[in-house]
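Enquirer:
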Amino acid sequence: MNTAHLDTAGSGRMPAAVRAVLADATARDDLYGPYDLEERLGAVLHTEVYARLGGLLGVPAADTALFTGAAAAFDSCVAGLAPALGPGHRIWTTPYEGVARLTTLYALRDRTHCTLEVVPLRADGGLDLEWMGAHLDEDVALVSVTHVAATLGTVSPVEAVGRLLAGHRAVYAVDASHSVGRLPVDATAIGCDLLTADGWRFLRGPDSIGFAYVAPALRSALTGHAHPQPHPAAVAALNEALAHHAAAELLPRRDLQTELRAVLERTPGIELLTPDAPAGPDAPGAPEREQSGILAFRHADLPAALIRRGLARRGVVVWKTVGQETPLHLPARGVTTALRASVHYDNTPEDIARFDEALQDVLAELREELRARDEQNAPVRLLAPAASGPATPTRAPARRGHLTLVAG
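What the sequence shown shows, in my numbering, is residues 129 to 536, in sequence order.
1) How would you call Pro211, buried or exposed, if buried means at least 16 neighbouring beta carbons within 10 angstroms?
2) Are there three or more Cβ pairs, one per stretch, closer than 8 Å when the region 285–295 is compared with the region 214–233?
3) Return the first residue and the last residue of the beta strand (DSSP E) that Leu388 is part of.
4) In angstroms, rounded to a whole number, what distance separates the CA positions of Leu439 and Ala349?
5) Between which two residues does the alpha helix (DSSP H) containing Phe483 stretch?
6) Within a Cβ cutoff of 8 Å, which residues of the same chain sit near Lys448, ignoring the five residues on either side of it in sequence?
7) How is the alpha helix (DSSP H) around Ile318 delimited, first residue to last?
8) Using DSSP with H/G/I as helix, E/B as strand and the rest coil, what is Gly309?
9) Between which two residues does the alpha helix (DSSP H) carrying Ala153 extend?
10) Let me confirm a value: Asp578 is counted as buried when at least 16 other C-beta atoms fall within 10 Å, else exposed. Which label applies?
11) Near Pro360, what residues of its chain come up, given a Cβ to Cβ distance below 8 Å and the 5 sequence neighbours on each side ignored?
12) For Ser420 and Ser307, which I take to be in contact (beta-carbon distance under 8 Å), what is that distance rounded to the nearest angstrom?
13) Comparing alpha-carbon positions, which option in Ala371, Arg499, Pro188, Val450 lies nearest Leu114?
14) Please go through the region 406–474 and give each complete beta strand (DSSP E) segment of 3 or more residues, from N-terminal end onward.
15) Determine the burial state of Gln385: buried for a count of at least 16 other Cβ atoms within 10 Å of its Cβ, exposed for fewer.
16) Per DSSP, what are the beta-bridge partners of Ser272 in this structure?
17) Does the region 243–257 come close enough to the region 194–203 to have 3 or more Cβ pairs within less than 8 Å?
18) Could I get the ranges of all uninterrupted alpha helix (DSSP H) runs contained in the region 222–250, with 4 residues as the minimum, in chain order?
19) Since Thr243 and Arg218 should fall inside the 8 Å C-beta cutoff, what is the C-beta to C-beta distance between them, to a whole number of angstroms?
20) Check whether the region 368–375 and the region 325–332 are in contact - that is, three or more C-beta pairs closer than 8 Å.
21) Can you give the beta carbon distance from Glu387 to Arg426, rounded, assuming they're within the 8 Å contact cut?
22) Take Leu194 and list the residues in its own chain whose beta-carbon comes closer than 6 Å to its own, dropping the five residues that flank it on each side.
23) Tell me, please, whether the region 259–279 touches the region 294–308 by the rule of three or more beta-carbon pairs shorter than 8 Å.
24) By a C-beta neighbour count over all protein chains shown, 10 Å radius and 16 as the cutoff for buried, is Thr221 buried or exposed?
25) Strictly by DSSP, which residues pair up with Thr282?
26) For Phe330, name the three-state secondary structure that DSSP assigns.
27) Go ahead and pull the three-state DSSP assignment for Ala514.
28) Would Gly443 and Thr131 qualify as a contact pair, given that the criterion is a beta-carbon distance under 8 Å?
29) The ligand FAD and Gly140: does any heavy atom of the ligand fall closer than 7 Å to the residue's C-beta?
30) So, with DSSP's three-state summary, where would you put Glu557?
31) I'd like to know whether the C-beta atoms of Ala365 and Leu150 end up nearer to each other than 8 Å.
32) Grab the span of the beta strand (DSSP E) containing Val342 for me, first residue to last.
33) For Arg482, count neighbouring C-beta atoms within 10 Å of its own C-beta (all shown protein chains included) and say buried if the count is 16 or more, exposed if not.
34) Roughly how many whole angstroms lie between the Cα atoms of His530 and Asp429?
35) How many Å lie between Leu270 and Ala298 at the Cα?
36) From Ala515 to Pro396, what does the alpha carbon distance come to, in whole angstroms?
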């Protein structure tokens, strides 16, 4: 069954050419072993993929590196900074930081006894650059910023942060996992020392591969720090995905985020999660924040997991997100679970129409199930007294309940 894939932010659909390269390389590895595969792919593995990464990120090919994912790249590079950190140093992160990178930062804090601080957000959901300017000094040793938030798609002003940090000692790290392939990303213009991204999201490459731009000064400090390498088949497939993306960038495209937003805004019971604070976008001084390709929403009464599964049965793929994926952000807004839909250039208006129809059907189905369940649990009703004896209460037969843990 063809699907309306609205989860490129989670895992993009590989183009046919990328799947073919991955399948061919995997089959050859299975038949002849890794040495034969590496010899066959020599130019791709050692030259071509880095040239394409450099072109994508606006940096020299020699300043790019491959990893098994963005989180692994960040962990490997940041761990190498530990010898230079100690008590009195400060690390800055933001509420949009994902749990994997936060885990790395917490480990670095505990290992070096430095301080981890969270840059506050303004009422409109943007980073508070004034706060950053007022608190920036030479004790700030590392600043980690997410370019596009995985939950709400909020775009952070990474170039403005780079200008603010210029001339200071802080290592500037940018997570571009949800912007590369969706937005233009120029690491030189951003002014960062480290930029990491996954290959399987908006670039639509294979799983288990990511990459990084590592500035020369930072790379020299990390010399000798080994990290796991992705499988050659994944490298070849990423190389093909980069070529496909470069060609697609030249084609006219239609951004369907407006249409997706319209569906969510007109559906009764659906709350669209916006970057602004809970006070709402009408609060004074709170202009609408830019969002890129990602919209999060929830229903007032119906569980996100049930809605996701109902959509999947109808051939519509979305992501269920939980608050702890961004523990400094969604839980603070009272969000424990939500749904996330994301669009890219391979989506069509028909995908949005299919999502609209499926969402209405799922909500109607779940509301009916909820109504039937409420009727089964209706209060006790007394029958009229019989002539032969006292009144007796009756109710629907009791059902034995149990707790079942299910995957989202």
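Where a beta carbon is used, it is the ideal one built from N, C-alpha and C, also for glycine.
Expert: To lay it out plainly:
1) If you draw a 10 Å sphere on the C-beta of Pro211, you find fewer than 16 other C-beta atoms in it, and that means exposed.
2) No contact exists between the region 285–295 and the region 214–233.
3) No beta strand (DSSP E) holds Leu388; the alpha helix (DSSP H) holding it covers 385–394.
4) Taking the Cα positions, Leu439 is about 48 Å away from Ala349.
5) For Phe483, the uninterrupted alpha helix (DSSP H) segment begins and ends at 477–504.
6) Excluding sequence neighbours, Lys448 sits near Ala432, Ala433, Arg436, Thr465, Ala466, Leu467, Arg468, Gly536.
7) Counting along the chain, the alpha helix (DSSP H) containing Ile318 begins and ends at 315–318.
8) The three-state reading of DSSP puts Gly309 in coil, since its state is none of H, G, I, E or B.
9) For Ala153, the uninterrupted alpha helix (DSSP H) run begins and ends at 144–160, by DSSP.
10) Past the boundaries of the shown model lies residue 578; the chain is included only from 129 to 536, so the question cannot be answered.
11) These residues qualify, in order along the chain: Ala153, Asp157, Pro162, Leu165, Glu166, Leu169, Leu173.
12) Going by Cβ atoms, the distance from Ser420 to Ser307 rounds to 7 Å, so yes, they are a contact pair.
13) Coverage of the chain is limited to positions 129 through 536, which leaves residue 114 absent and any answer about it impossible.
14) Here the runs fully enclosed are 422–427, 447–450, 465–470.
15) Buried, because 16 or more other Cβ atoms sit within 10 Å of the Cβ of Gln385.
16) Bridge pairing for Ser272: Ala301 [DSSP].
17) Output reads no: the region 194–203 does not touch the region 243–257.
18) Counting only unbroken stretches of 4 or more residues, the alpha helix (DSSP H) elements lying wholly within the region 222–250 are 227–240, in sequence order.
19) With a Cβ gap of about 5 Å, Thr243 and Arg218 count as contacting.
20) Yes, they touch.
21) Contact flag wrong, Cβ pair sits at about 20 Å.
22) Around Leu194: Phe339, Pro358.
23) Under the 8 Å Cβ criterion, the region 259–279 counts as touching the region 294–308, having at least three qualifying pairs.
24) Buried, by the Cβ-count rule.
25) The partner list for Thr282 (beta bridge, DSSP) reads Gln419.
26) Phe330 carries a coil assignment under DSSP once its states are collapsed to helix, strand and coil.
27) Legend: pLDDT at Ala514 = 47, less than 50; position of this residue unreliable, no value from coordinates given.
28) Yes, the Cβ-Cβ distance between Gly443 and Thr131 is below 8 Å.
29) You won't find the ligand FAD in this model; it holds no ligand whatsoever.
30) There is no way to answer for residue 557, as the model of the chain reaches only from 129 to 536.
31) The Cβ atoms of Ala365 and Leu150 lie closer than 8 Å to each other.
32) 338–342 is the span of the beta strand (DSSP E), which, as asked, contains Val342.
33) Buried: at least 16 other Cβ atoms inside 10 Å.
34) Confidence in His530 is poor, its pLDDT being 38 and thus under 50, which makes the residue's placement too unreliable to answer from.
35) A direct Cα-to-Cα measurement between Leu270 and Ala298 gives close to 5 Å.
36) Summary for Ala515: the model assigns pLDDT 48, below 50, so the residue's position carries little reliability; its value from the coordinates is reported in the next sentence. Near 50 Å, if we compare the C-alpha coordinates of Pro396 and Ala515.
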